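Using full-length UniProt numbering, the letters of the sequence shown map in sequence onto residues 1 to 994.
So the structure is just underneath, and the comments pick up after that.
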Amino acid sequence: CDCNLAGVLPEICDAHGRCLCRPGVGGPRCDACRWGKCRGFYSFPICQACQCSALGSYQTLCSPLTGQCECQPGVTGQRCDRCLSDASDFPHCQGREDIRMPEGGFLSEGHCRCKLHVESPTCSICKPLYWNLAKENPSGCSECQCHVAGTVSGIGECGQLDGDCHCKSHVGGDSCDTCEDGYFALEKSSYFGCQGCQCDIGGAVTPVCSGPSGVCRCREHVMGKTCQRPENNYYFPDLHHMRYEIEDGTTPKGRALRFGFDPLEFPEFSWRGYAQMTSVQNEVRIVLNVGKSSLSLFRVVLRYINPGAEAVSGRVTIYPSWAKAGKPSNSRRNRGEGFLGADEEPSQRADLTTVRDEGWKSVLQGEQTTGNSTRPQNGANGNLIQSTLASISSHDKNFVKPKKVEEETAERRNAAQSKETIFQPSKEPAFVTVPRNGFADPFSIVPGTWIACIKAEGVLLDYLALLPRDYYEALSLQLPVTEPCADVGPPRETLMTMDHPIPVHLPVTRFPCALASEARHFLLDGESRPLAVRQPTPEHPVTADLSGREFHRCLWKRIQYISHLSTWALRQVELRLQLRVPRVGHYVVVVEYATEADQLSEADVHVQGPGADLAGRVNIYSCKYSVLCRSAVTDSRSRLAVYELLEDADVWLKARMARFLLLIVLSGQPEYTWPFQSTDATCITLVPETLPTALILDVPSGGSSPLLPRDPLPSADAVTGVTLKAPQNQVTLRGLVPRPGRYVIVVHFYQPVHPTFLAQVSVDRGRLQPGIFRASFCPHVLGCRDQVIAGDQVEFDISEPEVAVTVKVPEGKSLVWVRVLVVPAENYDYQILHRKSVDKSFEFVTNCGGDSFYIDPQKASGFCKDSARSLVALYHDGALPCECHPAGAIGHRCSPEGGQCPCRPHVIGRQCTRCQMGYYGFPHCKPCTCGRRLCEETMGMCLCPPRTVRPQCDACETHSFSFHPLAGCEGCNCSRTGTDRAATPECDRDHGQC
1 CDCNLAGVLP
11 EICDAHGRCL
21 CRPGVGGPRC
31 DACRWGKCRG
41 FYSFPICQAC
51 QCSALGSYQT
61 LCSPLTGQCE
71 CQPGVTGQRC
81 DRCLSDASDF
91 PHCQGREDIR
101 MPEGGFLSEG
111 HCRCKLHVES
121 PTCSICKPLY
131 WNLAKENPSG
141 CSECQCHVAG
151 TVSGIGECGQ
161 LDGDCHCKSH
171 VGGDSCDTCE
181 DGYFALEKSS
191 YFGCQGCQCD
201 IGGAVTPVCS
211 GPSGVCRCRE
221 HVMGKTCQRP
231 ENNYYFPDLH
241 HMRYEIEDGT
251 TPKGRALRFG
261 FDPLEFPEFS
271 WRGYAQMTSV
281 QNEVRIVLNV
291 GKSSLSLFRV
301 VLRYINPGAE
311 AVSGRVTIYP
321 SWAKAGKPSN
331 SRRNRGEGFL
341 GADEEPSQRA
351 DLTTVRDEGW
361 KSVLQGEQTT
371 GNSTRPQNGA
381 NGNLIQSTLA
391 SISSHDKNFV
401 KPKKVEEETA
411 ERRNAAQSKE
421 TIFQPSKEPA
431 FVTVPRNGFA
441 DPFSIVPGTW
451 IACIKAEGVL
461 LDYLALLPRD
471 YYEALSLQLP
481 VTEPCADVGP
491 PRETLMTMDH
501 PIPVHLPVTR
511 FPCALASEAR
521 HFLLDGESRP
531 LAVRQPTPEH
541 PVTADLSGRE
551 FHRCLWKRIQ
561 YISHLSTWAL
571 RQVELRLQLR
581 VPRVGHYVVV
591 VEYATEADQL
601 SEADVHVQGP
611 GADLAGRVNI
621 YSCKYSVLCR
631 SAVTDSRSRL
641 AVYELLEDAD
651 VWLKARMARF
661 LLLIVLSGQP
671 EYTWPFQSTD
681 ATCITLVPET
691 LPTALILDVP
701 SGGSSPLLPR
711 DPLPSADAVT
721 GVTLKAPQNQ
731 VTLRGLVPRP
741 GRYVIVVHFY
751 QPVHPTFLAQ
761 VSVDRGRLQP
771 GIFRASFCPH
781 VLGCRDQVIA
791 GDQVEFDISE
801 PEVAVTVKVP
811 EGKSLVWVRV
821 LVVPAENYDY
831 QILHRKSVDK
841 SFEFVTNCGG
851 DSFYIDPQKA
861 SGFCKDSARS
871 LVALYHDGAL
881 PCECHPAGAI
891 GHRCSPEGGQ
901 CPCRPHVIGR
911 QCTRCQMGYY
921 GFPHCKPCTC
931 GRRLCEETMG
941 MCLCPPRTVR
951 PQCDACETHS
961 FSFHPLAGCE
971 GCNCSRTGTD
981 RAATPECDRD
991 HGQC
């Protein structure tokens, strides 16, 4: 967005790149105050409205820099609203030859006669529901175009100068007729105006939805309103999708591995079987084809069984296929980490130094080994792998090394990385992560072909999975907060940001108020009844219960014989309250309430007192939130009802039988109407984001927030700071910046008392520079933030190490100063002021990462499963194709979770690509008839593994041991000079002991 950040709303720009200017700001880049023929603003970026007197100035516009109006002779003041001679007969000032005709009327018999839509003695103010006073307008002002379904309390009035309407929290547009980005379905009955989009952070391209039903824009092959389901024939893999089967690896000499396939020994092994790590076979090597990851950082996950009673140690070493095995970097040697095989012969390492990707894939006949939950298709057993590795020379001219990654040094890219691990005893399949969380650096593996070497004895290994940083840190789990917190609900609803804070309302004790629980009279259908009171939750105040619940039983007996039960819905409740008025003035009435009803209802409000007998109405919205809702009383024309009260008055509230709780407050100043209704309800605590590069200047300890009697105390997580209020209305904080440069100053404050005002800031950075920030109305217990602006700049050039920031509030104002952030300009993000998401990564790592991030589809919580789905959808930019084998699967659709295809009997693999061990004849797999031996997978011919006695091939030859139906037997290799029978060097047939 090419916008001036000082002049835009938190959203900065819309989906088309149009800058979204703050009220009073204009220009394509929102870089100047609005300036029109009939209205103007001054002092960018604050942009206050010009308030030139229609009778004392030549025009309604003012200086765009100072706000000074152009006064007529004999008139002075910034607004041209008093006589130069200090006479009290303005506008009839000495030196004036005439009085300019008011734009909103005309002179008649020495008095102003206003046009149709204009009022005030000087015909200089538009009537409520009108704006844009203009001389050429026959009616004086234009009608407001407010869409009352989207305005606070259904008020139809707009700003006198800009025509902007007072929108509900999630509604935007000059007329409050559109939902803000991230929201949909504008409804009159909704307290917040629009519903929040629920777009999945992984499955959806953007959190913004569209249409009346809130449909999200999904990634490739993802569908559903919120983009949480894969399309038909597509799936979301699990977090272990970068999986490499251990039994498909080789020994250091390139031979096929010995592996078991007994489900009683290793239940639910994942592919053909599991590697048996013994003294005969204590090292395996696996080829890893690695793709993208955040910063190319991975952890290794091993699925294993340790049947013994003691823990077993092991080591995992990973090195690039294009480098020599075991070549350490100096940094790793200094840390004492081990590397591959200082005790190994070069011949044992030479076979695997390079691997040609295309050659590997061609042998595996199509099914990938890049870690995407895929395995070989036809005949890709250990013998094929052995022959493939042996055929690839380190001097193969067709071998292409992976693309150079600029941020990695050559040393780091070519170095072997080795880490120890411990296999705890477990007779059931278990997981171990290498390295364990917080114990060592993860593996740094850039895209390309790598070799993993695993050393261990006494364990059974099923598979190795690479777990990218994208999963084990889950930093992308930043959930947009679009819904307020309900009284009860799942954790999804209990979210919070700076824009959806824990609410602390504008304190009602600062204004004349009357509690409904102290009502004088309560009538039900004209009959006096005792008033019930209720406290919905410990956090709610005691309120009057107007639901009539205690009368339901007796009233039902009175109506159960009435045929037309519709009379029940017409029952009316009346409540009478006395309001104490401390002084004569204009007042607005605000009703505070909670209701369990789902629809919008209206209540009649009647204010009676000396000189006042006025009727109004108030909207009672559905309000099932953790805090009470507030609505202002309006008149019959949707105007804010303003009452001129001379002394104490009575308020009568009449409503149909409705299930709501009531508390009435009375505001003494109409400008407080909007803060009174600023209720963004939330529940959980979220510490505001702090950039790691920012210098934080905290206020001195011992400060506290101002709390008033009868106001609810903030939670223990509420902000603490120093209160700036006369006579202590300024404080200076000092600190040292890491280096000279350009910085942005952000003030963190808490201000629950006043409407928005400007606070002064001076920054001593080698020389003194003044600035200002907007101390907005901020009842949020976590506080608010605003950037300091100096002229039209937000960046300060700090040339000295020490910086001092002084904040001063005007006379009669106050705020709690929490801290100052001094942020390097290159690291500054305007969104730090308006965070709209909650970080769920810690919750995911804590609650879902305990089993090496294996998310059990049957036992895992909904949060873990949903979060994992979002992570893989984001990682793959959508869903993956099923690609079920047309012959091996009995259908083309796979499971949407994990992608398992429906296989024919005795067919295995996610895609159903081969017969299980001991079977042949894919896809109609039949059992081998070879006894202890295995058969060839295609025709079922019995195999005779190496060093076995023919023709049965089920026992080892002499001078060999440890029969395996696939790998055969190992040679004894007994020393002729060290054995008892030198002529016939035999060994133990099971363990090979000479």
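By construction, the Cβ of each residue, glycine as well, lies at the ideal position given by its N, Cα and C atoms.
Quantities reported herein were computed from a predicted structural model and do not represent experimental measurements.
Simplified DSSP state of residue i, which is helix, strand or coil
| i | result |
| --- | --- |
| C784 | strand |
| A625 | Correcting the residue identity first, residue 625 is Tyr in this sequence and not Ala. Strand, per DSSP. |
| E795 | strand |
| N729 | coil |
| V581 | coil |
| A465 | strand |
| E826 | helix |
| L874 | helix |
| S175 | coil |
| R229 | strand |
| G67 | coil |
| K292 | coil |
| G7 | helix |
| S517 | helix |
Chain-order list of residues whose beta-carbon lies under 8 angstroms from that of residue i (same chain, five-residue window excluded)
| i | result |
| --- | --- |
| V642 | H586, Y587, V588, P670 |
| T76 | R82, C83, L84 |
| E957 | R947, T948, V949, C969 |
| G211 | F184 |
| C47 | G7, R22, P23, G24, V25, C33, R34, F41 |
| C925 | R904, P905, H906, V907, C915, Q916, Y919 |
| A825 | G741, R742, Y743, V744, E795 |
6 angstroms Cβ shell around residue i - same chain, five flanking residues per side excluded
| i | result |
| --- | --- |
| V618 | V591, A603, V605, S631, V633 |
| C30 | C3, N4, G7, V8, C19, C21 |
| K725 | S814 |
| D200 | T226, C227, Q228, S870 |
| I260 | Note on identity: in this sequence residue 260 is Gly, with Ile being the wrong assignment. Around G260: G273, Y274, Q276. |
| P530 | none |
| I125 | E119 |
One or two residues paired with residue i in a DSSP bridge
| i | result |
| --- | --- |
| V533 | A544 |
| residue 997 | Given that the chain is displayed from residue 1 to residue 994, the structure contains no residue 997 and the question cannot be resolved. |
| R774 | L758 |
| G609 | A612 |
| D650 | Q578, Q608 |
| F236 | E897 |
| Y274 | G260 |
| P480 | S837 |
| A694 | DSSP output for A694 lists no bridge partner at all. |
| K808 | Q730, Q760 |
| P881 | Y234 |
| E527 | L524 |
| K419 | V316 |
Residue i Cβ short of 7 angstroms to the ligand GTP heavy atom set
| i | result |
| --- | --- |
| E136 | With respect to the ligand GTP, the structure shown offers nothing to examine, as it has no ligands at all. |
Residues of its chain near residue i, where Cβ-Cβ distance is below 7 angstroms and the 5 sequence neighbours each way are ignored
| i | result |
| --- | --- |
| C62 | G40, Y42, C50, C52, Q68, C69 |
| S837 | Q478, L479, P480, V481, T497 |
What alpha helix (DSSP H) runs, 4 residues minimum, are completely inside the stretch 834–863? Whole alpha helix (DSSP H) segments, 4+ residues: 841–848.
Three or more C-beta pairs below 8 angstroms linking the stretch 826–845 and the stretch 186–195: Result no; under three Cβ-Cβ pairs closer than 8 angstroms.
Give, in chain order, every unbroken run of the alpha helix (DSSP H) that is at least 4 residues long and sits entirely within the stretch 191–215. Within the stretch 191–215, no complete alpha helix (DSSP H) run reaches 4 residues.
Whether or not the stretch 446–465 and the stretch 806–813 are in contact is what I'm after, with contact meaning three or more pairs of Cβ atoms, one per stretch, closer than 8 angstroms; do they touch? The stretch 806–813, when compared against the stretch 446–465, does not touch it at the 8 angstroms Cβ threshold.
If contact is defined by three or more beta carbon pairs under 8 angstroms, each pair taking one atom from either stretch, is the stretch 798–810 in contact with the stretch 756–769? Because the criterion of three Cβ pairs below 8 angstroms is met, the stretch 756–769 and the stretch 798–810 touch.
Using 8 angstroms as the threshold, is the stretch 793–800 in touch with the stretch 750–759, meaning 3 or more CB pairs across them? Contact between the stretch 793–800 and the stretch 750–759 is absent: fewer than 3 CB-CB pairs across the two stretches fall below 8 angstroms.
Entirely within the stretch 119–162 and at least 4 residues each: give me those alpha helix (DSSP H) ranges in chain order. Complete alpha helix (DSSP H) runs here, min 4: none at all.
Can you find at least 3 beta carbon pairs, one from the stretch 290–306 and one from the stretch 416–425, that sit closer than 8 angstroms? Touching, yes.
Pairs of beta-carbons, one from the stretch 886–895 and one from the stretch 912–927, closer than 8 angstroms: are there three or more? Contact between the stretch 886–895 and the stretch 912–927 is present: three or more C-beta pairs spanning the two stretches fall below 8 angstroms.
Cβ pair count under 8 angstroms reaching 3, the stretch 243–251 against the stretch 462–472: Enough Cβ pairs lie closer than 8 angstroms, so yes.
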